[in-house]
């Protein structure tokens with residue numbers, strides 16, 4: 003079994019992190035053993051919460067804000083107190099489920115399937131849902147379920163993003179707590195309030211490329227749409243952007259900057275023409 007470390011060190015000027023090739027950041031570049039690093043002792047660092055599932059970032063914040071909750075010593079609350087490394091790391095890790103698949107069975111339900119975690123002590127699974135890939139996820143089941151399938155009977159309009167987490171009871175010298183894995187993810191389209199016809203062969207329809215899109219969207223449309231404004235809509239039908247075009251415009255092409263859009267499904271509309279596309 004490989005061993006990795008949440009490092010701490012102490013020494014004059016070893017806590018400097020804002021100069022070239024400094025010692026505090028060096029463990030992060032090591033081939034192994036360098037998860038995080040911190041300059042400790044001035045002040046004391048409070049890592050005990052990691053034994054009950056808290057992240058190293060939680061401990062860093064506790065240390066930075068500590069005045070008299072825990073042992074208080076020289077340099078407490080000073081601006082130099084900093085964590086090098088990923089603040090989301092935890093001490094006890096359990097294996098997540100795998101191969102999550104979300105399928106929209108009709109306009110009102112989404113079926114989710116996944117493979118079990120290889121963790122031997124899993125008690126069940128929590129399911130979460132969001133309307134954006136990185137957004138706030140809401141818990142769908144209040145208690146862990148043992149089944150490897152779940153039906154969302156009230157999906158959100160547009161694209162639904164799901165996370166499945168394995169749950170296990172973890173015991174350490176400090177106590178026991180319910181531990182969750184990282185989330186295994188999948189997405190599917192739920193009910194929508196707007197429709198878009200995608201047909202790349204009909205010259206009288208709107209053509210969009212590339213699909214999926216990342217930075218820019220190229221539109222090609224018939225002359226009947228010349229001079230009409232271009233609208234970008236969410237899958238719920240909400241207008242998120244409007245590109246004004248003059249009535250005397252003669253071009254039948256337009257390039258739209260979509261870098262400010264969040265990832266997900268959208269509809270571009272010009273006049274009575276529309277096209278559904280994915281922003282990565």
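Numbering (my numbering), first residue to last: 3 to 282. Idealized CB from N, CA, C, for every residue including glycine. All values reported here derive from a predicted model rather than from experimental measurement.
Taking the C-alpha atoms as reference points, what is the distance between residue i and residue j?
i, j, result
"residue 20", "residue 49", "24 angstroms"
"residue 128", "residue 26", "38 angstroms"
"residue 263", "residue 232", "15 angstroms"
"residue 253", "residue 265", "29 angstroms"
"residue 165", "residue 89", "21 angstroms"
"residue 178", "residue 52", "12 angstroms"
"residue 259", "residue 228", "19 angstroms"
"residue 107", "residue 113", "7 angstroms"
"residue 143", "residue 23", "48 angstroms"
"residue 310", "residue 78", "The structure shown does not extend to residue 310, since the chain is modelled only from 3 through 282, so no value can be given for it."
Pick from the options: whose alpha carbon is nearest that of residue i?
i, options, result
"residue 93", "17, 186, 176, 262", "176"
"residue 12", "230, 47, 124", "47"
"residue 221", "96, 90, 242, 210", "210"
"residue 269", "56, 241, 282, 259", "241"
"residue 247", "235, 273, 261", "273"
"residue 155", "223, 110, 141", "110"
"residue 234", "178, 212, 219", "219"
"residue 125", "35, 182, 66, 229", "182"
"residue 174", "14, 28, 134, 55", "55"
"residue 215", "121, 244, 257, 239", "257"
Output yes or no for whether 7 angstroms exceeds the beta carbon distance between residue i and residue j.
i, j, result
"residue 41", "residue 8", "no"
"residue 237", "residue 159", "yes"
"residue 37", "residue 91", "yes"
"residue 161", "residue 191", "yes"
"residue 76", "residue 44", "yes"
"residue 33", "residue 98", "no"
I believe residue i touches residue j by the beta-carbon criterion, under 8 angstroms. Please report the beta-carbon distance rounded to the nearest angstrom.
i, j, result
"residue 170", "residue 96", "5 angstroms"
"residue 152", "residue 140", "About 14 angstroms; that fails the 8 angstroms criterion."
Task: Touch test, the segment 60–79 against the segment 111–122, Cβ-Cβ under 8 angstroms, three pairs minimum - done: no
Open item on the list: Under 8 angstroms, with one C-beta from each stretch per pair, do the segment 100–111 and the segment 173–188 reach the 3-pair mark?
Closed with: yes
- [ ] Give a yes or no on contact between the segment 70–85 and the segment 141–158, applying the rule of three or more CB pairs nearer than 8 angstroms.
- [x] no
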